[in-house]
Amino acid sequence: MAEHATPTVAAAVLDLFAAQGVEVCFGIPGVHNLAFWDALHHARPSILGVRHEQSAVYAGDGLARATGGLGVALTTTGPGAANAVAAYGEAHSVGSPVLLLSSEVSAWQRADGGPRGVLHEMADQGGMFAAFGGRPIRVALTAEEAVDAAHDAVRACLEPPPGPVYLGIGSDVLAEFPPPGGAIAAGHDPPTATPLPLPEDDLLRLADLLLASERVVLWVGGGVVSSGTEADVTVLAELLGAPVVTTYAGKGVLAAHPLLVDAPPHEPEVAHVIADADLLLGLGSAFDAMNTRAWRMPVPPRLAAVTLGDEVSRTFDWDLLVGAELGAALPVLIGLLRERLPRPRQPWLAEPGSVRPAVLTRLADDPATAPAVALVRAVERGWPADAVVVCDMAVAGYWVGGYSSQPRTRRLQYPVGWGTLGYALPAAIGPASLGIPALAVCGDGGPMFALGELATYAQESLPVTLLVVDDGGYGMLRYDQQVYGHPENGVDLLTPDWLTLGRSFGIGGVEVPDAEGLAAALRSAYAANLRGEPRLVVVHRRFTPPRTTSPRWFED
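Take any residue in the sequence shown, note its place counting from 1, add 46, and you have its number in this note's numbering.
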């Protein structure tokens, strides 16, 4: 049947996503949002069906982190939207550009004064997402406003600093034909962000502060990655002779550069580097609790940052905060420094690149942590640089997320912003949907949150390898109880026969006794992924958690 000359609202929204470069959305069809599936067309994004709405947002988040593009999740009214809240919170915590588009109760069914008992009705569905703050919440109840609202929502997702946005559209509106005008008339031109004013006086003060400091260390966060300013940060580091410490979201910046201190700031060798500086300059970082030991890490006498977001002001006592987009600010700052620095400074720290080997050698010499270092090294050897690594909130994920060396940005995903256990298995769907092989590093607890997505792996022939490190329960919590001398209650779990479980979905797998055989198993799994075959790799082992987790923050 020929398509209507004017697309439905659902079709027009999908066209808008296509203009933004979106190739795939994630979602579950429901009685209120079927219009999206009715509008599927070869020129529009496909919709990859997941088994739970939380997974739809995780997958959109995983795609956004891996590519820098817009992630889109489609849910239905009420329970469908509510199921997505936890994953939306994770995207919010790391500034991931994810648009959650949900159907809402139609305007004609609503009543003044509150709910009246409509199927899936809530008094304020968008209020669940407004609770995170910082992002607009839109509800469109007419066809005339729906496409324009979607256009605005896309722009809000992507403008600095990026982040998730909730958009609700009345269920009846999705199948209507919007009148000419608005975003329809504009041909769905990709939304563009409004540039922020450049605080030139603050940048001049920052240049003065840097020139008056002899031992600068750069603290580089995910804002450098999202803004695409790695080259400018490299120039700035070389100009100042400054060692570079990255947050988890900044991993991969300055990969293999001699100024990179490629180890977590929680380790004493890195902490000493930061404390020995006379100025720490943060770039694109929120300075959250997990990266800074709840703001108790040793810091230099002077602190400055170029970043966006009010939360940074509530972390340390800053000498100078510059609220600016890095892409605009860094070239100006570099120009101001070059005017007054006759030549680049010599690095004040001898061989910053030697810090990581020193940390790993010390950990490998400790019988308590040596097996975990072997795990990290096996993942580095076995999983190729062109693929993605997605870690869960699990002991194995803490080690790989915190200690693996990343050869490029956007390769590692690590959900320590909000700390959502169960992230890795569904988030890996995002990059895999675009053909990017993804390794999901999990314990045995996290996968249980989304086992249904194994069916998604198989049905969609996704290039995902699920690495399960089974320690028989919640290993981090078990360790907490041991550290504090508490009885081990609630932390031991019945776990499945993983290989049999995988086979029940048509997913092949292998169990390796320890990290010795892991690298080879991962290489084999990657080869299968390239053929469109998901794989499962299982290791039964208990690892001591790393110092990056809170019970060990304050160990010497």
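Yeah, the Cβ is synthetic: ideal placement off N, Cα and C, and Gly gets one too.
According to the Cβ coordinates, are residue i and residue j closer than 8 Å?
i             : j                 : result
leucine 329   : valine 266        : yes
leucine 147   : leucine 120       : yes
valine 131    : alanine 137       : no
leucine 285   : proline 398       : no
valine 345    : proline 591       : no
leucine 29    : valine 419        : Nothing about residue 29 can be read from this structure; the chain reaches only from 47 to 602.
valine 446    : alanine 470       : no
aspartate 170 : glycine 476       : no
arginine 593  : glutamate 313     : yes
glycine 117   : alanine 127       : no
alanine 350   : leucine 327       : yes
valine 193    : proline 224       : yes
proline 472   : valine 96         : yes
tyrosine 520  : glycine 491       : yes
glycine 298   : alanine 332       : no
leucine 244   : alanine 370       : yes
histidine 98  : asparagine 79     : no
leucine 467   : phenylalanine 495 : yes
leucine 512   : alanine 478       : no
valine 291    : proline 311       : yes
alanine 283   : glutamine 452     : no
valine 55     : alanine 199       : no
serine 149    : serine 217        : yes
tyrosine 572  : alanine 431       : no
alanine 65    : arginine 90       : no
Does the beta-carbon of residue i have 16 or more other beta-carbons within 10 angstroms, so that it is buried, or is it exposed?
i              : result
threonine 407  : exposed
glutamate 191  : buried
leucine 86     : exposed
tryptophan 341 : exposed
alanine 81     : buried
valine 262     : buried
glycine 548    : buried
serine 550     : exposed
alanine 231    : Its pLDDT being 46, under 50, alanine 231 is placed unreliably in this model, and the value from its coordinates should be taken loosely. By the 10 Å Cβ count, alanine 231 comes out exposed.
glycine 233    : Annotation note: pLDDT 49 at glycine 233 (below 50); position unreliable, no value reported.
leucine 409    : buried
glutamate 579  : buried
arginine 402   : buried
histidine 197  : buried
proline 413    : exposed
Opposite residue i in the DSSP bridges: which residues?
i              : result
tryptophan 265 : Val291, Gly328
histidine 586  : Asp516
glycine 117    : Val144
aspartate 538  : Gly519
valine 307     : Val291
serine 149     : Ile215
arginine 184   : Leu213
leucine 458    : Val435
arginine 581   : Thr511, Gly554
The beta strand (DSSP E) spanning residue i covers which residue range?
i              : result
threonine 511  : 510 to 516
leucine 256    : Premise fails: leucine 256 lies in the alpha helix (DSSP H), 246 to 257, not in any beta strand (DSSP E).
glycine 369    : 366 to 369
isoleucine 215 : 211 to 216
valine 434     : 434 to 437
valine 352     : 348 to 353
alanine 484    : 484 to 488
leucine 94     : 92 to 95
glutamate 557  : 554 to 558
valine 345     : Here valine 345 belongs to no beta strand (DSSP E), and DSSP marks it neither H nor E.
valine 70      : 70 to 73
Could you tell me the boundaries of the alpha helix (DSSP H) in which residue i lies?
i                : result
serine 676       : The structure shown does not extend to residue 676, since the chain spans only 47 to 602, so no value can be given for it.
leucine 382      : 372 to 386
leucine 500      : 499 to 505
alanine 442      : 441 to 449
valine 299       : Neither: valine 299 is in no alpha helix (DSSP H) and is coded neither H nor E.
phenylalanine 82 : 81 to 84
asparagine 337   : 335 to 338
histidine 98     : It is not in any alpha helix (DSSP H) - histidine 98 carries neither H nor E in the DSSP assignment.
Compute the beta-carbon to beta-carbon distance between residue i and residue j, rounded to the nearest angstrom, for a pair I have assumed lies under 8 Å.
i             : j             : result
valine 608    : leucine 582   : Residue 608 cannot be examined here, being either before or after the span of the chain that is shown, 47 to 602.
glycine 555   : valine 584    : 6 Å
threonine 455 : valine 271    : 5 Å
alanine 564   : leucine 421   : The identity of residue 564 in the sequence shown is leucine, whereas the question assumes alanine. The pair is a contact, with the Cβ atoms about 7 Å apart (cut-off 8 Å).
glycine 373   : threonine 275 : 6 Å
serine 259    : leucine 325   : 4 Å
arginine 251  : leucine 366   : 6 Å
alanine 309   : valine 425    : Not confirmed; about 16 Å, so no contact.
valine 587    : aspartate 517 : It is arginine, not valine, that sits at residue 587 in the sequence shown. With 8 Å as the limit, arginine 587 and aspartate 517 qualify as a contact, their Cβ atoms being about 7 Å apart.
Examine chain D for any beta-carbon lying closer than 8 Å to the beta-carbon of residue i, and answer yes or no.
i             : result
threonine 240 : Protein chains in the displayed structure number just one, and chain D is not present.
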